[in-house]
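Engineer: Next up is a structure, given as structure tokens.
Number of protein chains: 2
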Amino acid sequence: MTDIALIEAAARRMQGRIRRTPLLHAPLLDRVAGRRIFVKAESLQLTGSFKARGGWSAVSALPPEARAQGVIAYSSGNHAQGVAHAAARHGAPCVILMPDDAPQVKIANTRAYGAEVVLYDRRTEDRDAIGARLAGERGLTLIKPYDDPQVIAGQGTVGLELAEQAAEAGLTEAPVLTCCGGGGLASGIALALKARAPGLQVRTAEPAGFDDMARSLASGRRERNAALGGSVCDAILTPTPGDLTLPILRKLAGPGAVVTDDEALRAVALAFTHLRIVLEPGGAAALAAALFGADLPETVIAVATGGNIDPATFATALDRFA
Amino acid sequence: MTDIALIEAAARRMQGRIRRTPLLHAPLLDRVAGRRIFVKAESLQLTGSFKARGGWSAVSALPPEARAQGVIAYSSGNHAQGVAHAAARHGAPCVILMPDDAPQVKIANTRAYGAEVVLYDRRTEDRDAIGARLAGERGLTLIKPYDDPQVIAGQGTVGLELAEQAAEAGLTEAPVLTCCGGGGLASGIALALKARAPGLQVRTAEPAGFDDMARSLASGRRERNAALGGSVCDAILTPTPGDLTLPILRKLAGPGAVVTDDEALRAVALAFTHLRIVLEPGGAAALAAALFGADLPETVIAVATGGNIDPATFATALDRFA
Chain A
1 MTDIALIEAA ARRMQGRIRR TPLLHAPLLD RVAGRRIFVK AESLQLTGSF KARGGWSAVS
61 ALPPEARAQG VIAYSSGNHA QGVAHAAARH GAPCVILMPD DAPQVKIANT RAYGAEVVLY
121 DRRTEDRDAI GARLAGERGL TLIKPYDDPQ VIAGQGTVGL ELAEQAAEAG LTEAPVLTCC
181 GGGGLASGIA LALKARAPGL QVRTAEPAGF DDMARSLASG RRERNAALGG SVCDAILTPT
241 PGDLTLPILR KLAGPGAVVT DDEALRAVAL AFTHLRIVLE PGGAAALAAA LFGADLPETV
301 IAVATGGNID PATFATALDR FA
Chain B
1001 MTDIALIEAA ARRMQGRIRR TPLLHAPLLD RVAGRRIFVK AESLQLTGSF KARGGWSAVS
1061 ALPPEARAQG VIAYSSGNHA QGVAHAAARH GAPCVILMPD DAPQVKIANT RAYGAEVVLY
1121 DRRTEDRDAI GARLAGERGL TLIKPYDDPQ VIAGQGTVGL ELAEQAAEAG LTEAPVLTCC
1181 GGGGLASGIA LALKARAPGL QVRTAEPAGF DDMARSLASG RRERNAALGG SVCDAILTPT
1241 PGDLTLPILR KLAGPGAVVT DDEALRAVAL AFTHLRIVLE PGGAAALAAA LFGADLPETV
1301 IAVATGGNID PATFATALDR FA
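Chains as they are written, first to last, in the working numbering: chain A, 1 to 322; chain B, 1001 to 1322.
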């Protein structure tokens, strides 16, 4: 089970290897929002997202024999790069299972981090069966994207940094809006803040139509999304909250926020103009909630979770909203 | 005269008010370059460029009476925003003289920082005469963009941070490529590094056709550029090196590097993809030199100086090179 001790142990294993990301703010952005917004820029993390933390935490926590055998992950996105990067730096073999229609650039980047990419046809092949076979044959350890105590602990190190940075900025009470897919980052941050900055409370941010976490927090039951895809916020589309993450967030998080695709793209454009950082739409959902949400106090914190966006989508966001 | 004591005094006045910017690196960027590149991301500075430092240093160094009277600067770009931001935070009146054909967004941003923008017609009016009249009437102090000891000291705080960050990253010997207009930043960094990290040597980076500093360093005389405009690197087009900056750089800097406009735009695109930061072409000149320069060692540092770029130019860089 993830707790503050596990998060602090993960932070020690990351020391000097994973970047401490800055907490940014900009007076002109505050003017647009009508409130003060502080942005934890995890898009500046190695590999371009907070997933480098969870990957590092999980790989570094393995017993040496297991690490030498190698790891496997299923992902076409940020988790793939986070695990591949961590495995390479630990000298661990790494297999990433990706659908064969994943964007070429994502396949190429994952390979460039040193991983063996195994492609499968998602219409005819069973990813879990292929993964289980490979893992069995080679003795690989599966690194799940969020439902793993060490992954949650790794993401929780964002919360440790935030607790310090908020104190430096004089912030003791504020919602911490956090982009949410399966909830690994939100639950890790929530655990860290409960221990280190109890006046800061996590609130998840999700795309409209994919607000399984917000609805689950509201209803008290595990809710599912009707669709599996169809939002520009591809990085945070998951069918339902995690088994480990939902109970943590039910205990510690405030109500979930929901943003439209256009709000996420506007946040991408405003982050370009006023913060000069590159965000992907799914990584800008929390900033969108901070900018355009109705029921928020004068000062909020938003975690900008990733910046792996293709140039055409970015150009479209600028063309429409910058 | 600027020296390490003046730089350290500026750093103390900035404490908690000016951002300590991160030193970024990315394995996939290193692959493109064929060498290790560390990027000091001053584009993440308040106001989007290192000019916030020089502005802060100069305004905060004024005697209280002079500060209460106010300051004036001539600039349509990053210096305007840096001075306006510093003046507003010090409660000092601020006038910025801008040509009336400056981009609307720059005029609007400078006003949003709280400055009074005075427009002039650059074909028919004399900027210096208007500035001198306003300064005289209102008792304003002129903040020059680079030829001012306190401005150089403020920019030199980048060098103090770099010295610490390079040591943390284990870098003791490396060129520090620095985008160069009048030379305020390069000379400030050079002074700081001489005192705090003598194995790191500044090398200026300029656009082809506007390499007055590189030619002045090579010839030992003050050289001038033939043209006043015509490069996409608008932030760093100055006619000739500063009176204060050239002697410092002649003593402390290595040979200047020169990059083409296309190299600067490619650096903008690569910074988008691999570092997820927004750079303006003039702010990417040093990164371009680090990426594409021929006579460089295995590890280099580049100072990315600014990120105030209009969306259309950014989209063009992505379209052509990302």
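The C-beta atom is built at its ideal place from N, Cα and C for all residues, glycine as well.
1) Are V278 of chain A and I248 of chain A touching if we call contact CB-CB under 8 Å?
2) Between the stretch 110-124 of chain A and the stretch 1056-1073 of chain B, can you find at least three pairs of beta-carbon atoms closer than 8 Å?
3) Which of helix, strand or coil does DSSP assign to V202 of chain A?
4) Can you tell me whether DSSP reads R1012 of chain B as helix, strand or coil?
5) Consider the Cβ of N1109 of chain B: report whether some Cβ of chain A lies at a distance smaller than 8 Å.
6) Can you give the beta carbon distance from T1240 of chain B to D1212 of chain B, rounded, assuming they're within the 8 Å contact cut?
7) Roughly how many whole angstroms lie between the Cα atoms of A108 of chain A and A102 of chain A?
8) Counting along the chain, where does the beta strand (DSSP E) carrying M98 of chain A start and finish?
9) Any idea which residues DSSP pairs S49 of chain A with across the strands?
10) Which residues, in order along the stretch 1249-1273 of chain B, keep a beta-carbon less than 9 Å from a beta-carbon of chain A?
11) Distance cutoff 8 Å, beta carbons only. Does I1277 of chain B sit that close to anything in chain A?
12) Per DSSP, what kind of secondary structure is I1072 of chain B in: helix, strand or coil?
13) Taking a cut of 7 Å between CB atoms, which residues from the stretch 1301-1316 of chain B lie near chain A?
14) From the DSSP output, which residues share a beta bridge with I4 of chain A?
15) Taking one C-beta from the stretch 136-150 of chain A and one from the stretch 161-178 of chain A each time, how about it: are there three or more such pairs within less than 8 Å?
16) Which residue marks the beginning of the beta strand (DSSP E) containing I152 of chain A, and which one marks its end?
17) If you count every other CB in all the chains shown that lies within 10 Å of the CB of T172 of chain A, and 16 or more means buried, which is it?
18) Round the Cβ separation of A264 of chain A and V232 of chain A to the nearest angstrom and send it over; I've been treating them as touching at under 8 Å.
19) If the cut-off is 9 Å on Cβ atoms, which residues from the stretch 18-32 of chain A count as contacting chain B, listed in chain order?
20) Counting only Cβ-Cβ distances shorter than 7 Å, please list the residues of the stretch 34-51 of chain A near chain B, keeping chain order.
21) So G1229 of chain B and S1049 of chain B are supposed to be a Cβ contact under 8 Å. How far apart are they, rounded?
22) Against D1319 of chain B, what residues of chain E qualify as contacts under a CB-to-CB distance less than 8 Å, listed in chain order?
23) With DSSP run on the structure shown, which of helix, strand or coil describes P241 of chain A?
24) Following a CB-centred definition, is V1300 of chain B positioned closer than 7 Å to any heavy atom of the ligand NAD?
25) Whole angstroms are fine: how far does the CA of A269 of chain A sit from the CA of V300 of chain A?
26) What residue from B:R1013, B:A1195, B:D1234 and B:Q1104 has the CA that sits closest to P1281 of chain B's CA?
27) With DSSP as the reference, label A88 of chain A as helix, strand or coil.
28) Between I7 of chain A and T21 of chain A, what straight-line distance do the alpha-carbon atoms span, to the nearest angstrom?
29) Under 8 Å between the Cβ atoms of I96 of chain A and A88 of chain A?
30) Exposed or buried, which one is D1148 of chain B when buried takes at least 16 other CB atoms within 10 Å?
31) Is there at least one Cβ from chain A nearer than 8 Å to A1322 of chain B's Cβ?
32) Would you call the CB atoms of K1051 of chain B and Q1015 of chain B closer than 8 Å?
33) Which residues in chain A have a C-beta closer than 9 Å to the C-beta of A1112 of chain B? List them in chain order.
34) For R1013 of chain B, tell me which candidate among B:T1157, B:L1029 and B:P1027 has the shortest Cα-Cα distance.
35) Apart from the five residues just before and just after A10 of chain A, which ones in its own chain have a Cβ nearer than 6 Å to its Cβ?
36) Are the CB atoms of V1258 of chain B and A1286 of chain B nearer to each other than 8 Å?
Structural biologist: Answer, in terms of the structure:
1) Working through the first sequence from its first residue, we reach residue 278 of chain A at position 278. Working through the first sequence from its first residue, we reach residue 248 of chain A at position 248. For V278 of chain A and I248 of chain A, no; Cβs fall outside 8 Å.
2) no
3) Taking the first sequence and counting its residues from 1, one reaches residue 202 of chain A at position 202. If DSSP states are grouped into helix, strand and coil, V202 of chain A belongs with the strands.
4) One-based indexing of the second sequence puts residue 1012 of chain B at position 12. In this structure, DSSP gives R1012 of chain B a helical state, which the three-state scheme calls helix.
5) Locating residue 1109 of chain B in the second sequence gives position 109, where the first residue counts as 1. At least one chain A Cβ lies under 8 Å of N1109 of chain B.
6) For the purposes of this step, residue 1240 of chain B is identified with residue 240 of the second sequence, where counting begins at 1. For the purposes of this step, residue 1212 of chain B is identified with residue 212 of the second sequence, where counting begins at 1. 5 Å between Cβ atoms; contact.
7) The residue labelled residue 108 of chain A in the question sits at position 108 within the first sequence. The residue labelled residue 102 of chain A in the question sits at position 102 within the first sequence. Going from the Cα of A108 of chain A to the Cα of A102 of chain A covers about 10 Å.
8) As a first step, residue 98 of chain A is located in the first sequence; it is residue number 98 there, counting from the start. Unbroken beta strand (DSSP E) run through M98 of chain A: C94 to P99.
9) On the first sequence, position 49 is the one that residue 49 of chain A refers to. Partner(s): A:G306.
10) Flagged, chain order: A1269, A1271, F1272 and T1273.
11) For the purposes of this step, residue 1277 of chain B is taken as the residue at position 277 of the second sequence. I1277 of chain B counts as touching chain A.
12) In the second sequence, counting from the first residue as 1, residue 1072 of chain B sits at position 72. Look at I1072 of chain B here: in three-state DSSP terms it is strand.
13) G1307, P1311, F1314 and A1315
14) In the first sequence, the residue the question calls residue 4 of chain A occupies position 4. Answer is none; I4 of chain A lacks a bridge partner.
15) No, the stretch 136-150 of chain A is not in contact with the stretch 161-178 of chain A.
16) For the purposes of this step, residue 152 of chain A is taken as residue 152 along the first sequence, with counting starting at 1. Not the beta strand (DSSP E): I152 of chain A falls in the alpha helix (DSSP H), residues P149 to E168.
17) Numbered from its first residue, the first sequence carries residue 172 of chain A at position 172. Per the 10 Å Cβ criterion, exposed.
18) In the first sequence, counting from the first residue as 1, residue 264 of chain A sits at position 264. In the first sequence, counting from the first residue as 1, residue 232 of chain A sits at position 232. The beta-carbon separation of A264 of chain A and V232 of chain A, rounded to 6 Å, stays under the 8 Å limit for a contact.
19) Listed by position along the chain: R19, R20, T21, P22, L24, H25, A26, P27, L28 and R31.
20) S43, L44 and G48
21) Along the second sequence, one-based indexing puts residue 1229 of chain B at 229. Along the second sequence, one-based indexing puts residue 1049 of chain B at 49. Going by Cβ atoms, the distance from G1229 of chain B to S1049 of chain B rounds to 19 Å, so no, they are not a contact pair.
22) Among the chains of the structure shown, chain E does not appear; the protein chains present are A and B.
23) Within the first sequence, the letter at position 241 stands for residue 241 of chain A. P241 of chain A falls in the coil class under three-state DSSP.
24) The ligand content of the structure shown is nil, which means the ligand NAD is not present either.
25) For the purposes of this step, residue 300 of chain A is taken as residue 300 along the first sequence, with counting starting at 1. For the purposes of this step, residue 269 of chain A is taken as residue 269 along the first sequence, with counting starting at 1. Using only the alpha carbons, I get a separation of about 19 Å.
26) Counting from 1 along the second sequence, the entry for residue 1281 of chain B is found at position 281. Looking at the Cα atoms, B:D1234 is the closest of the given residues.
27) Numbered from its first residue, the first sequence carries residue 88 of chain A at position 88. Helix at A88 of chain A.
28) Translated into positions along the first sequence, residue 7 of chain A becomes position 7. Translated into positions along the first sequence, residue 21 of chain A becomes position 21. Cα-Cα distance, rounded: 17 Å.
29) Taking the first sequence and counting its residues from 1, the one referred to as residue 96 of chain A is at position 96. Taking the first sequence and counting its residues from 1, the one referred to as residue 88 of chain A is at position 88. Taking 8 Å as the Cβ cut-off, I96 of chain A and A88 of chain A do not qualify as a contacting pair.
30) Within the second sequence, numbered from 1, the residue matching residue 1148 of chain B stands at position 148. With 16 or more Cβ atoms within 10 Å of its Cβ, D1148 of chain B is classed as buried.
31) Within the second sequence, the letter at position 322 stands for residue 1322 of chain B. Cβ-Cβ to chain A under 8 Å: yes for A1322 of chain B.
32) For the purposes of this step, residue 1051 of chain B is identified with residue 51 of the second sequence, where counting begins at 1. For the purposes of this step, residue 1015 of chain B is identified with residue 15 of the second sequence, where counting begins at 1. No, the pair does not count as a contact, with Cβ atoms beyond the cut-off.
33) By one-based count along the second sequence, residue 1112 of chain B stands at place 112. Simply P27, L28 and R31.
34) Mapped onto the second sequence, residue 1013 of chain B falls at position 13. Minimum Cα distance to R1013 of chain B is reached at B:T1157.
35) The sequence position of residue 10 of chain A within the first sequence is 10, counting from 1. Only residues of its own chain outside the window of five on either side were considered, and among them S57, A153, G154 and T157 have a CB closer than 6 Å to the CB of A10 of chain A, listed in chain order.
36) The count along the second sequence starts at 1 and reaches residue 1258 of chain B at position 258. The count along the second sequence starts at 1 and reaches residue 1286 of chain B at position 286. Contact: no.
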